[in-house]
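Protein chains in written order, with our numbering: chain A, 1 to 266; chain B, 1001 to 1266; chain C, 2001 to 2266.
C-beta: ideal position from N, C-alpha, C; glycine also.
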């Protein structure tokens, strides 16, 4: 490759907007925070309160670095002190919700033997926990950071939850690979999803930005594997059971049981 | 966040049971073992028998550390010497089964060009190999470790095999993303699965623990992409072909051909 | 494990063909190259043209090491200078195609807020970019390396694109988990795919190697989530829309709209 071409490429890609987005630091921050809240996830956890407090301080520094990094992209600057204070002030709340999620999984899944197994092994627990952190930053109006976190969880679990979705607690995703939960989906309490479930848009067009494009799932609904539920006006009523493979593009009343009718033949 | 809240969080999460579970070491152990058995997976493999033997000794130490780590959680202690001896005594058997798996994939997949391509590239080979290690530890009655291994493979491949499943040899999963094989599934020899296949439970309830909840797949069955087969009493007879997208909740006789009847329309 | 068994295992696995395939270096090369072309992906990007040029030189060395590594497996040797020159001479072309892909996603997806969000977060952008690099090496006839790259992307995204597939530009995959694009698929320009779409073979048999086994998708086609399109003679005509869950094993004319007919029932 000749030097002129290189120069052209350099001018094209390395000028203009600020470019470093510290994605690596963001991903590391989220994992370190979960390990702090759930020491079983961690090979080396704090041995004293002082060490624990020190770990919190490190995380506080990391968060401020992340926010500074975002500020370089923004005209309206983020208030580092305010966001950091609010985030760490919410730590016990995060811990409570995540623990409720884990306990719910343990109580419902016959394959789960212990709370630690759920916390360490279950991709659904991990993806939901990362989502809960990302959703906090989404509500604070931060750009990029929330989506980087949920796409990190997507990469590690195959579970794709948009940080804008609203998800009650407790929440349970089992197996999880292929689950997609869209930006404007609303999900109640004690909802259970299995692998391959899509809560998506019935049509996709750029003009629909800021419209509710994804369904509402009320409390105590179970949605089995590979079911697809589409549309911003679609509401799945409380207590309903949606069977595996079901394709649903309109609302169903509370306590509905919808099952897929097999179409196999020899 | 004030110090009182932190103290409360610390007391809540860092007291009581022993907490470090050395998940990182467990994942590293499994990968190192596969690299030792299949040096093509490895950027730097042993150059002499002495080095190879040294690598085995390192792995033996790692396994003992993992078992000690589990013992801290257990009232009935694991016998480190016995388990380690049995595991390493089984090394040639692991190697033979994994090699049979790889050769079977090479012989069946038109896209596979060489045994090394299968060993290095195929997620189905990787997930099955990790499962074979995990299943050994599952049969030994070890807690957590088997599931940590298969969830590690799940994270890297999108293939979710419970370590309790019984899978014959050779076994072949192609593409693999979204495959789920439940805890009590039984799979014969020369079975082939494609992406998105679920061998699952027809209903999920905590009371069903220790019941056979997942299907039996006899020898020489092929199950194409995104087929779903559910239920502990469901048996797919030897030599059957289950087409893509098929939904199956009851047994089919040997040599059945079940195909999905399209329901698309313009 | 006794020493005789170990010796037997060593003889079996560490003799014969050259074994190190530097998979780690290959994966690292691809990521470093993308980070060089899209500095937003990178936590620490070049601060001057000299540094940028130095990074290119490092990558050139890495590529030569990878090719040398492959040469150890080959009877007919690769020409390091020629391939390296051709690859780096194509850098601006890679950058242009990948940027077109990213801009297309930004323009079409209501959930996408900025080009950087697409570049950093979207697994579809990542998998397509890695595919574009891998396809270059596939066309050069290199063994193993192309497939190692696309399986690396598969591991990180759940999107499985065979390096032999021919894909026009721009191309868009959203969410992506579970997508499979077979070796002989041909895809036109401005095609959009959603999660779980399979472009596969209708039958799989080793004898079909070198035959066109996977479908052709013409320009401006949209294929929604979990649709399955099979067969080497299947052509989806330009401008068609294939709905979610559709199962298609024969050609459809240009501008067809195919939708799945729901089979759910209460």
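Based on Cα-Cα distance, which residue from the options lies nearest to residue i?
i, options, result
"residue 2230(C)", "2212(C), 2238(C) and 2219(C)", "2212(C)"
"residue 2326(C)", "2188(C), 2105(C), 2250(C) and 2141(C)", "An answer regarding residue 2326(C) cannot be provided, because it is not within the stretch 2001 to 2266 covered by chain C."
"residue 12(A)", "2180(C), 2052(C) and 2202(C)", "2052(C)"
"residue 252(A)", "245(A), 244(A) and 233(A)", "233(A)"
"residue 84(A)", "60(A), 100(A) and 72(A)", "60(A)"
"residue 2216(C)", "2210(C), 2126(C), 2203(C) and 2235(C)", "2235(C)"
"residue 1100(B)", "1158(B), 1038(B) and 1156(B)", "1038(B)"
"residue 1003(B)", "22(A), 23(A) and 56(A)", "56(A)"
"residue 207(A)", "2024(C), 2072(C), 2113(C) and 2070(C)", "2113(C)"
"residue 1188(B)", "1107(B), 1180(B) and 1167(B)", "1167(B)"
"residue 2009(C)", "1227(B), 1096(B) and 1115(B)", "1096(B)"
"residue 107(A)", "1054(B), 1155(B), 1210(B) and 1205(B)", "1205(B)"
"residue 2241(C)", "2256(C), 2065(C), 2249(C) and 2247(C)", "2256(C)"
"residue 1102(B)", "1082(B), 1126(B), 1092(B) and 1089(B)", "1126(B)"
"residue 1119(B)", "1062(B), 1027(B) and 1036(B)", "1036(B)"
"residue 2269(C)", "2063(C), 2144(C), 2175(C) and 2227(C)", "Here chain C comprises residues numbered 2001 to 2266, so residue 2269(C) is not present and cannot be evaluated."
"residue 82(A)", "32(A), 137(A) and 43(A)", "137(A)"
"residue 72(A)", "29(A), 116(A), 182(A) and 144(A)", "144(A)"
"residue 2030(C)", "2058(C), 2006(C), 2078(C) and 2044(C)", "2058(C)"
"residue 203(A)", "2259(C), 2209(C), 2184(C) and 2179(C)", "2259(C)"
"residue 1015(B)", "41(A), 47(A), 42(A) and 25(A)", "47(A)"
"residue 1181(B)", "177(A), 34(A), 183(A) and 218(A)", "177(A)"
"residue 2247(C)", "1248(B), 1250(B), 1261(B) and 1247(B)", "1261(B)"
"residue 186(A)", "157(A), 221(A) and 45(A)", "221(A)"
"residue 1225(B)", "1026(B), 1214(B) and 1175(B)", "1175(B)"
"residue 1239(B)", "1123(B), 1069(B), 1028(B) and 1219(B)", "1219(B)"
"residue 1091(B)", "1044(B), 1034(B), 1122(B) and 1254(B)", "1034(B)"
"residue 1244(B)", "2104(C), 2210(C), 2197(C) and 2223(C)", "2197(C)"
So if DSSP puts residue i in a beta bridge, which residue, or which two residues, is it bridged to?
i, result
"residue 2216(C)", "2186(C) and 2235(C)"
"residue 1230(B)", "1200(B)"
"residue 2242(C)", "2223(C) and 2258(C)"
"residue 1252(B)", "1236(B)"
Shorter than 8 angstroms from the beta carbon of residue i to some beta carbon of chain E?
i, result
"residue 40(A)", "The structure shown contains no chain E; the protein chains it does contain are A, B and C."
Original post:
Is it true that the stretch 2193-2210 of chain C meets the stretch 2165-2182 of chain C, where meeting means three or more beta-carbon pairs spaced less than 8 angstroms apart?
Top reply: yes
**OP:** With 9 angstroms as the C-beta to C-beta threshold (strictly closer), list the residues of the stretch 2017-2037 of chain C near chain A in chain order.
**Re:** The residues in question are 2036 and 2037.
**OP:** Check distances from the C-beta atoms of the stretch 2084-2107 of chain C to those of chain A and list, in chain order, the residues that come in under 8 angstroms.
**Re:** 2085, 2088, 2089, 2091, 2092, 2095 and 2107
Subject >> Chain-ordered residues of the stretch 2129-2151 of chain C with a beta carbon less than 8 angstroms from chain B >> reply: 2143, 2144, 2147, 2148 and 2151
Original post:
Which parts of the stretch 2136-2207 of chain C are runs of the beta strand (DSSP E), unbroken and 3 residues or longer, counting only runs that do not cross its ends?
Top reply: Runs found: 2171-2173, 2191-2193 and 2198-2200.
Original post:
Just checking, does the stretch 154-168 of chain A make contact with the stretch 125-134 of chain A on the three C-beta pairs under 8 angstroms criterion?
Top reply: yes
**OP:** With 7 angstroms as the C-beta to C-beta threshold (strictly closer), list the residues of the stretch 154-187 of chain A near chain C in chain order.
**Re:** Flagged, chain order: 154, 155, 158, 160, 162, 177, 178, 180 and 183.
**OP:** Please specify which runs of the beta strand (DSSP E), each continuous and at least 3 residues long, are wholly inside the stretch 1029-1105 of chain B, giving them in chain order.
**Re:** Fully enclosed beta strand (DSSP E) runs of 3 or longer: not present.
**OP:** Residues of the stretch 2230-2242 of chain C with a CB closer than 8 angstroms to any CB of chain A: list them in chain order, please.
**Re:** Nothing from the stretch 2230-2242 of chain C brings a Cβ to less than 8 angstroms from some Cβ of chain A.
Original post:
Of the residues that make up the stretch 2188-2199 of chain C, which ones have a beta carbon closer than 8 angstroms to any beta carbon in chain B?
Top reply: 2196 and 2198
**OP:** Taking only beta carbons into account, state which residues of the stretch 2116-2129 of chain C come closer than 9 angstroms to chain B, listed in chain order.
**Re:** none
Original post:
Residues in the stretch 50-65 of chain A with C-beta within 9 angstroms of chain B's C-beta atoms, listed in sequence order?
Top reply: 52, 53, 56 and 60
Original post:
Taking Cβ-Cβ distances below 8 angstroms as the criterion, which residues of the stretch 1246-1257 of chain B are in contact with chain C?
Top reply: Taking 8 angstroms as the Cβ-Cβ cut-off against chain C, none of the residues of the stretch 1246-1257 of chain B qualify.
**OP:** Compile a chain-ordered list of the residues in the stretch 5-17 of chain A whose CB is closer than 9 angstroms to at least one CB of chain C.
**Re:** Result list: 5, 6, 7, 8, 9, 10, 11, 12, 13, 14 and 17.
**OP:** Give, in chain order, every residue of the stretch 1205-1223 of chain B whose Cβ lies closer than 9 angstroms to some Cβ of chain A.
**Re:** Within the stretch 1205-1223 of chain B, the residues whose Cβ lies closer than 9 angstroms to some Cβ of chain A are 1205, 1206, 1207, 1208, 1209, 1210, 1211 and 1213, listed in chain order.
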